[in-house]
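>
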Amino acid sequence: MADTTVADSQYLWMDGEITPYAKSTVHVLSHSLHYGGAVFEGLRAYSSKLGIGLFRPEDHFGRFLDSIRVMGYCIPYSSKDLTKASHELILENGFTSCYVRPIAYINDTVRGLKLPETPKVHTAIAVWAWGKYMGDEGHLKGVKVKTSTFRRADISSSLPLAKISGAYVTSVLARREATLEGFDEAILLDPHGFVAEGSGENIFIVKNNEIITPSVGYILPGITRDSVIKIAKELGISIKEENITRNQLYVADEVFFTGTAVEVTPIREIDHHQIGDGLPGPITQKIKDLFFKCTQGEIEKFKDWVDFS
Numbered sequence: 018m019a020d021t022t023v024a025d026s027q028y029l030w031m032d033g034e035i036t037p038y039a040k041s042t043v044h045v046l047s048h049s050l051h052y053g054g055a056v057f058e059g060l061r062a063y064s065s066k067l068g069i070g071l072f073r074p075e076d077h078f079g080r081f082l083d084s085i086r087v088m089g090y091c092i093p094y095s096s097k098d099l100t101k102a103s104h105e106l107i108l109e110n111g112f113t114s115c116y117v118r119p120i121a122y123i124n125d126t127v128r129g130l131k132l133p134e135t136p137k138v139h140t141a142i143a144v145w146a147w148g149k150y151m152g153d154e155g156h157l158k159g160v161k162v163k164t165s166t167f168r169r170a171d172i173s174s175s176l177p178l179a180k181i182s183g184a185y186v187t188s189v190l191a192r193r194e195a196t197l198e199g200f201d202e203a204i205l206l207d208p209h210g211f212v213a214e215g216s217g218e219n220i221f222i223v224k225n226n227e228i229i230t231p232s233v234g235y236i237l238p239g240i241t242r243d244s245v246i247k248i249a250k251e252l253g254i255s256i257k258e259e260n261i262t263r264n265q266l267y268v269a270d271e272v273f274f275t276g277t278a279v280e281v282t283p284i285r286e287i288d289h290h291q292i293g294d295g296l297p298g299p300i301t302q303k304i305k306d307l308f309f310k311c312t313q314g315e316i317e318k319f320k321d322w323v324d325f326s
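Residue numbers for the sequence shown follow my numbering, beginning at 18 and rising by one.
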């Protein structure tokens, strides 16, 4: 698994200013800490011949602002403001490729569940060097996953379109369960028993040269997921969104994860069932290769996905 330490980061962006990491503090009685009301996002910056490029920042920060609205918060920053701040912070830390983590939270002390009428919402951005989420070997050769005993919550009691910290406790437990049993990651089913997603990734299967991915509903419709759907269409590969059963996972020709952290990572084994020949498949590899060219700003049609400002 990739090292996710932030020890190499010296600065973060906090409420409009770049400040030393050591000065960042959260009160032990922070409302967001106690009740899981923080909102966060994740995006990557890639080094390329064209410079340091943020991948799809308008979409990522757009989702961040949407999540903030879902929580009823308000911050004085636009998507462009946050993109500019991210570039400045990356340069200040001396990174060329890194992970970018914006977060909005309430540092007011706990008064029970009730939020203050006009809560003070803090906005921060942290960056750190982060290699392959599933490790170099997993990224190249594929990972082993298991179907979790935990499930995604019913749509009537969850907000899957928003990235709210408290909603991720199920993902944390599912991931822990999987790794304790010797797997790299977990797959969660939805309340009806269909495949939903990984603990923090979207999932795709390939069968008879056609790609299938779960429909939006019980999943976070990832930005990398959207990129892969567009890339598949550009490659002329048939792709559809529909329910996927656990049985379909086992007999798929190829399976892969997508996400900002995991990027495009092949899955070689599910619940001890080998997928295909146990190696990354040709369609997965085509998608993966074109995806990384997109992150470099090399594909003209998708050049606007990368911000080099």
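The beta-carbon is built from N, C-alpha and C at its ideal position, and this holds for glycine as well.
Taking Cβ positions, are F110 and H44 nearer each other than 8 Å?
With the sequence shown as reference, residue 110 is identified as Asn, and Phe is not the correct amino acid for it. H44 is positioned such that its CB atom lies no closer than 8 Å to that of N110.
> Beta-carbon within less than 7 Å of T275's beta-carbon, same chain only, minus the 5 sequence neighbours each way: which residues are those?
So the qualifying residues of the chain are E218, N219, F221, G239, T241, R242, V245 and V281.
> Give the DSSP bridge partners of E280, in chain order.
G276
> Where does W355 sit, in a helix, a strand or coil, going by DSSP?
Any question about residue 355 goes unanswered here, given that the chain covers just 18 to 326.
> For the alpha helix (DSSP H) that contains I229, what are its first and last residues?
From DSSP, I229 is part of no alpha helix (DSSP H) but of the beta strand (DSSP E) over E227 to T230.
> Taking the beta carbon of L82 as the centre, do at least 16 other beta carbons fall within 10 Å, making it buried, or is it exposed?
Of the other Cβ atoms in all chains shown, 16 or more fall within 10 Å of the Cβ of L82; this residue is therefore buried.
> Could you compute how far the alpha carbon of N260 sits from the alpha carbon of D25?
42 Å
> Taking H51 and V127 to be in contact with their CB atoms under 8 Å, please state how far apart those CB atoms are, rounded to whole angstroms.
5 Å
> So G215 and E202 are supposed to be a Cβ contact under 8 Å. How far apart are they, rounded?
Their Cβ separation, rounded to whole angstroms, is 5 Å, which keeps G215 and E202 in contact under 8 Å.
> Return the residue from the list G129, L71, E134 and M88 that minimises the CA-CA distance to R118.
The shortest Cα separation from R118 among G129, L71, E134 and M88 belongs to L71.
> Quick one: give me the first and last residue of the beta strand (DSSP E) that V212 is part of.
V212 to G215
> Using three-state DSSP, classify V43 as helix, strand or coil.
coil
> Could you tell me if T277 is buried or exposed, where buried requires 16 or more neighbouring beta carbons within 10 angstroms of its beta carbon?
The residue in question, T277, is buried, as its Cβ has 16 or more Cβ neighbours within 10 Å.
> Write down every uninterrupted run of the beta strand (DSSP E) in the region 183 to 212 whose length is 3 residues or greater and which is fully enclosed by it, in chain order.
202 to 206
> What span of residues does the alpha helix (DSSP H) with R86 cover, start to end?
Here the alpha helix (DSSP H) through R86 covers P74 to V87.
> Tell me the residue span of the alpha helix (DSSP H) that contains P299.
Per DSSP, the continuous alpha helix (DSSP H) segment holding P299 begins and ends at P299 to T312.
> From R285 to Q291, what distance separates their C-alpha atoms?
6 Å
> Enumerate in chain order the residues of its own chain whose CB-to-CB distance from Y90 is below 8 Å, with the five nearest sequence positions on each side excluded.
Around Y90, the same chain offers V56, A121, I123, P136 and V138 as residues with beta carbons nearer than 8 Å, after the five sequence neighbours per side are excluded.
> State buried or exposed for R86, treating a residue as buried only when at least 16 other CB atoms are found within 10 Å of its CB.
Counting every other CB atom within 10 Å of its CB across the protein chains shown gives R86 a total below 16, marking it as exposed.
> Work out the CA separation of P283 and G155 for me, nearest whole Å.
Spanning the two alpha carbons is a distance of roughly 8 Å.
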